[in-house]
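Chains as they are written, first to last, in the numbering used here: chain X, 1 to 359; chain R, 1 to 359.
Here the structure is laid out as structure tokens; the discussion comes afterwards.
Number of protein chains: 2
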Amino acid sequence: MNKVSIKDIAKKAGVSITTVSIVLNGNGTERKISPSKIKKIMDVAAELNYRPNQQAKSLRTGKTYTLGLIVDDISNFFFSHLAKTVEEEADKFGYTVMFCSSENDEGKSRNVLGTLLNKQMDGYLIAPTSGMQQEINQLVQENKPLVLVDRFFQNSSASYVALDNYKGTFDSVTHLAKQGYSKIAIVTNDSEQIQLQERFEGYKTALRKHKIPFVPEYVKKIPFKFSAQKTVREIESFVAANPDVDAILFTSNNLGIPGLEGLRNLNKKVGNDIAVICFDDNDHFRLASPSITVISQPIRAIGKNALKILLDQIDKKELKQVKSVLLPNLIVRESTPVKASIIPAVKSKATDNTAKGKK
Amino acid sequence: MNKVSIKDIAKKAGVSITTVSIVLNGNGTERKISPSKIKKIMDVAAELNYRPNQQAKSLRTGKTYTLGLIVDDISNFFFSHLAKTVEEEADKFGYTVMFCSSENDEGKSRNVLGTLLNKQMDGYLIAPTSGMQQEINQLVQENKPLVLVDRFFQNSSASYVALDNYKGTFDSVTHLAKQGYSKIAIVTNDSEQIQLQERFEGYKTALRKHKIPFVPEYVKKIPFKFSAQKTVREIESFVAANPDVDAILFTSNNLGIPGLEGLRNLNKKVGNDIAVICFDDNDHFRLASPSITVISQPIRAIGKNALKILLDQIDKKELKQVKSVLLPNLIVRESTPVKASIIPAVKSKATDNTAKGKK
DNA sequence: CTGAAAGCGCTTACAG
DNA sequence: CTGAAAGCGCTTACAG
């Protein structure tokens, strides 16, 4: 193994380990170590292929230059892209990131958080499961650098960066209403997580605003734990049971993809038989035919903001709560055409419009 | 900060730190520490909310229980799913994983590897860029637990788990030939990476076997660094310049997605005007209309194998080279129908078959 | 200008 | 049965 330590360098260069440490940290000139010694030490270090042991450094200095990232599932589109930005930005500032998936499970969440805590991360970036509030508050109290992403807790003083989820669904329903839809269903997860609560609120409020009655049957809540397969089945039977629904709003990627699969299985033509909007953009929604109208999240901005806030906490050792709420972006595509039936006077034009979605 | 150490516990419990350490590591009974003392120590530790400092532990024991993962880009479908499996499996064995993106850049690769080395990972899982051979060999020589994924080096004794890439493209071309295509283009990256070389070889050999002439103009190599946008443009002009091509094989996800976008922009109907096969499955290829025939990689198996080999190296401290080559899976979908023109006798049936792809 | 010594928080022979 | 001491590889006052 690579067991070269500053002791070895010191011996070979004929100086003390103190001097080696000073020089290796680039403080040689400042501390007026003689240039010849500096050179000697650098040469020996290179020759021996010396690698500073970060564990030892960290133990002594208290800095690990490592950030902990806890997400639901790193293979999820949103989180993998978030992770990419976080890692990219962290790297710029000399930090590495350790990631853990909570699998949306409180037990696993607590475990991985504990592990990261033991490993002394310099800061934590967490998409918390709903039961983690107490642990999060505890960390805040202990003054640990921490920022929540994607979700947060109402009565917590933890900093966070999240989306204006309410606006996302509100804008979606408004768009659908304007296009002439009035039997708008929502498919969401059966979860206490605030971002889903907000998305649901936005849906309800927008319905009210557009004088569309809220129909409890049009609300489908799917347990988080369901596999994609099972989710497809659930959505199929939901859609089959509500044939009058003319538009569906999926509150996440994880529901939209199985949702489209379910609609295809039922032979429902998106954009024609039924309008579709989904939270989170991705390649499929963009390239599908018809392409899917989405509420896109500024993932890069979320990651950058979160990291900036975290680094500020780490540097200034101050934990003033920062709340960063970013705006969603409704991208209108082919899955939400003007509803043909409402404009019989210009039927041909409407058909034309809709047909575009089928090609 | 959480500054509770075993010293604090020792003081409060009225014992030595040695005893605390023994008890906290679960060796109290074995070492015949009196049960009352054990209980006392455990109670105090819980009361003080003690967290063992893994940095200190690692410095002393030489184990960090952390694995380093270096991928091209964590947001890439293949790598994010690989990361998920790796993390899941690692977690089962008490390891956490630190990930870094190499962005397919040698400089960044070297940097992140250096950082991970300093941080004393217990093992390394690396998708190496082509220039990393020397560093990798060095690690092997130093007996560092290491396994390469997705790619490897011919003359290196580093263990690896990879795909039979040759078979992937060979099977694809064979499938296309059987469906009646004979002007088969390949779009790949301009890279030395072995998996791409192998994919190219499989293409050429299959052409030869099926007596299809190799046409240099049908080969498009796109620089790795190109953005998705730029890749779309490149593919558009390539396709436009070769109107006689009747099938395209994309050697990766990162090319297939922009490829489909380019074809759409050119108004080329996949499955009708041109057949398409792509390496790596994903949601879009599965759900697209027409759905895309793919060569799918057993990502979970790749991750599990790699982790198993790595943990074996870590546990046994033996570095016998293990080469694990998994088989790709050709999933035939709608983008590669029987080519209509070759079976004029049963034209109606062929049309039928092809049409399926359009609906 | 440079080095001896203490200490970060642990574990582990070793002694009694 | 339990504890004093050394040491993992560093950094950092402090002294001279």
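Ideal placement from N, C-alpha and C gives every residue a C-beta, glycine not left out.
is_contact[residue i, chain R] using C-beta, thresh 8 Å
i: X:Pro52; result: yes
i: X:Ala288; result: yes
i: X:Ser80; result: yes
i: X:Lys119; result: yes
i: X:Thr351; result: For X:Thr351, the predicted model reports a pLDDT of 41, less than 50, meaning its position is unreliable and no value from the coordinates is stated.
i: X:Gln55; result: yes
i: X:Met42; result: no
i: X:Asp105; result: no
i: X:Thr115; result: yes
For residue j and residue i, believed in contact at Cβ under 8 Å, the rounded distance
i: R:Val332; j: R:His81; result: Contact doesn't hold; Cβ gap of about 22 Å is too wide.
i: R:Ala275; j: R:Ala247; result: 4 Å
i: R:Lys167; j: R:Gly202; result: 6 Å
i: R:Gln313; j: R:Pro145; result: 4 Å
i: X:Gly271; j: X:Ile235; result: Not confirmed; about 17 Å, so no contact.
i: R:Val15; j: R:Tyr50; result: Incorrect: roughly 14 Å between the Cβ atoms, too far for contact.
i: R:Asp280; j: R:Phe78; result: 6 Å
Identity of the residue in the options nearest residue i by Cα
i: R:Asn104; options: R:Ala13, R:Phe285, R:Glu192 and R:Glu261; result: R:Glu192
i: R:Asn242; options: R:Leu266, R:Asn143 and R:Ala228; result: R:Leu266
i: R:Ile38; options: R:Thr19, R:Pro52 and R:Arg286; result: R:Thr19
i: R:Ala13; options: R:Gly303, R:Ser335, R:Ala45 and R:Ile74; result: R:Ala45
i: X:Ala127; options: X:Lys178, X:Gly202, X:Asp150 and X:Tyr203; result: X:Asp150
i: R:Tyr160; options: R:Ile6, R:Val338, R:Leu330 and R:Ile309; result: R:Ile309
i: R:Pro223; options: R:Arg233, R:Asp164 and R:Asp171; result: R:Arg233
i: R:Leu327; options: R:Thr169, R:Glu201, R:Asp190 and R:Asn254; result: R:Thr169
i: X:Phe250; options: X:Ser296, X:Lys225, X:Asn272 and X:Thr205; result: X:Ser296
i: X:Lys183; options: X:Asp190, X:Arg199, X:Glu217 and X:Asp171; result: X:Glu217
i: R:Asp171; options: R:Arg208, R:Asn189 and R:Asn143; result: R:Arg208
i: X:Lys381; options: X:Phe238, X:Asp273 and X:Asp91; result: Residue 381 of chain X cannot be examined here, being either before or after the span of chain X that is shown, 1 to 359.
i: X:Val322; options: X:Lys178, X:Arg60, X:Leu148 and X:Lys92; result: X:Leu148
i: X:Asn165; options: X:Leu196, X:Asn27, X:Gln55 and X:Gly26; result: X:Leu196
i: X:Ile277; options: X:Ala240, X:Val187, X:Asn76 and X:Ala10; result: X:Val187
i: X:Asp190; options: X:Asn143, X:Ala177 and X:Thr231; result: X:Thr231
i: X:Thr336; options: X:Lys11, X:Val173 and X:Ile33; result: X:Val173
i: X:Glu106; options: X:Lys92, X:Gly94 and X:Thr129; result: X:Thr129
i: R:Ala206; options: R:Arg300, R:Ser252 and R:Lys178; result: R:Lys178
i: R:Asp387; options: R:Val23, R:Lys316 and R:Gln55; result: Since the displayed chain R opens at 1 and closes at 359, residue 387 of chain R lies outside it and no answer follows.
Where the beta strand (DSSP E) through residue i begins and ends
i: R:Ser109; result: Not the beta strand (DSSP E): R:Ser109 falls in the alpha helix (DSSP H), residues Glu106 to Asn118.
i: R:Thr66; result: Thr66 to Val71
i: R:Ile248; result: Ala247 to Phe250
i: R:Ser296; result: Thr293 to Ser296
i: X:Phe99; result: Thr96 to Ser101
i: R:Lys221; result: Val219 to Ile222
i: X:Asn165; result: Run containing X:Asn165: none in the beta strand (DSSP E); it sits in the alpha helix (DSSP H), Asn165 to Lys178.
Extent of the continuous alpha helix (DSSP H) to which residue i belongs
i: R:Val147; result: Run containing R:Val147: none in the alpha helix (DSSP H); it sits in the beta strand (DSSP E), Leu146 to Val149.
i: R:Gly262; result: Asn253 to Asn265
i: X:Ser80; result: Phe77 to Lys92
i: X:Ile309; result: Ile299 to Lys316
i: X:Leu327; result: Unbroken run through X:Leu327: none, as it is neither H nor E.
i: R:Asn282; result: Element bounds for R:Asn282: n/a, residue is neither H nor E.
Residue-level contact to chain X via CB, residue i, 8 Å cutoff
i: R:Met132; result: no
i: R:Thr19; result: no
i: R:Gly357; result: For R:Gly357, the predicted model reports a pLDDT of 37, less than 50, meaning its position is unreliable; a value from the coordinates is still stated below. So, not an interface residue.
i: R:Ala83; result: yes
i: R:Glu89; result: no
i: R:Asp8; result: no
i: R:Glu261; result: yes
i: R:Ser58; result: yes
i: R:Ala345; result: Low confidence applies here, because R:Ala345 scores a pLDDT of 46, under 50, leaving its location unreliable; read the following figure in that light. Not closer than 8 Å to any Cβ of chain X, the Cβ of R:Ala345 fails to qualify, so no.
i: R:Asp283; result: yes
i: R:Cys100; result: yes
i: R:Lys339; result: no
i: R:Lys167; result: no
i: R:Val97; result: yes
i: R:Ile222; result: no
Three or more C-beta pairs closer than 8 Å, one from the segment 154-164 of chain R and one from the segment 212-226 of chain R: is that the case here? no
Are the segment 92-103 of chain X and the segment 81-94 of chain R touching by the rule of at least three beta carbon pairs closer than 8 Å? yes
Three CB pairs or more closer than 8 Å across the segment 111-131 of chain X and the segment 60-68 of chain X: yes
Examine the Cβ distances between the segment 283-292 of chain R and the segment 132-142 of chain R and report whether three or more of them are shorter than 8 Å. no
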